[in-house]
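Engineer: Numbering-wise (full-length UniProt numbering), the sequence shown opens with residue 1 and increments by one. Just so it is clear, CB atoms sit at the ideal spot from N, CA and C, and this is done for glycine as well.
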Amino acid sequence: MQLRIQPADEPYESRDLELGVALRSWAAAQSSALAVKLDGPLEAPGMDPTWSLEMRGEYLEALVHLFYGPIADVSVIWSPEDEIYVGAAQDFSDLQLVSMLDDLAAASQCGVVPPWLRPAAEA
């Protein structure tokens, strides 16, 4: 799906487009050790996500949703314990988003939980 070329109507839509470009670039650069599926931009009425990224690696399965704002919501199932971790961020840059995704990609290989993720039971 092509990104819109027309100017965004609202500032948050411009940020969404910038973050979408960062997501596409990041997903395209991943090795075969990490399975990545990216959906977006999605029509996002109400509180639906504008982008959705799924990743699977040796130690984790993660789902990253982006919402207008920008807001990121991250859910991770951590193997072999099958413990669920969650994380979130607001008003972040495309570089900060890529850093979060890099953390998850590294964690999928080495099994070390990024410090910004918390067990769901504690969230």
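Identify the continuous alpha helix (DSSP H) that holds residue 88 and give its terminal residues.
Structural biologist: Counting along the chain, residue 88 falls outside any alpha helix (DSSP H), though it belongs to the beta strand (DSSP E) covering 83-90.
Engineer: Run the proximity test for residue 43: is its beta-carbon closer than 7 Å to any non-hydrogen atom belonging to the ligand MG?
Structural biologist: Of ligands this structure carries none, so the ligand MG is not represented either.
Engineer: Which residues in the same chain have their Cβ closer than 7 Å to the Cβ of residue 83, if we skip the five residues on either side of it in sequence?
Structural biologist: 119
Engineer: Rounded to whole angstroms, how far is the Cβ of residue 76 from the Cβ of residue 62, which I believe are closer than 8 Å?
Structural biologist: 5 Å
Engineer: By the 10 Å Cβ neighbour count, where 16 or more other Cβ atoms means buried, how is residue 74 classified, buried or exposed?
Structural biologist: buried
Engineer: Taking only three categories from DSSP, how would you classify residue 58?
Structural biologist: Coil at residue 58, not helix or strand.
Engineer: By the three-class DSSP mapping on this structure, what secondary structure does residue 29 have?
Structural biologist: coil
Engineer: For residue 36, which of helix, strand or coil comes out of DSSP?
Structural biologist: strand
Engineer: Would you call the CB atoms of residue 26 and residue 41 closer than 8 Å?
Structural biologist: no
Engineer: Can you tell me which of the three DSSP states residue 23 falls into?
Structural biologist: helix
Engineer: Out of curiosity, what's the CA-to-CA distance linking residue 58 and residue 92?
Structural biologist: 28 Å
Engineer: Among 56, 94, 115 and 100, whose alpha-carbon lies nearest the alpha-carbon of residue 79?
Structural biologist: For residue 79, the nearest C-alpha among the options comes from 56.
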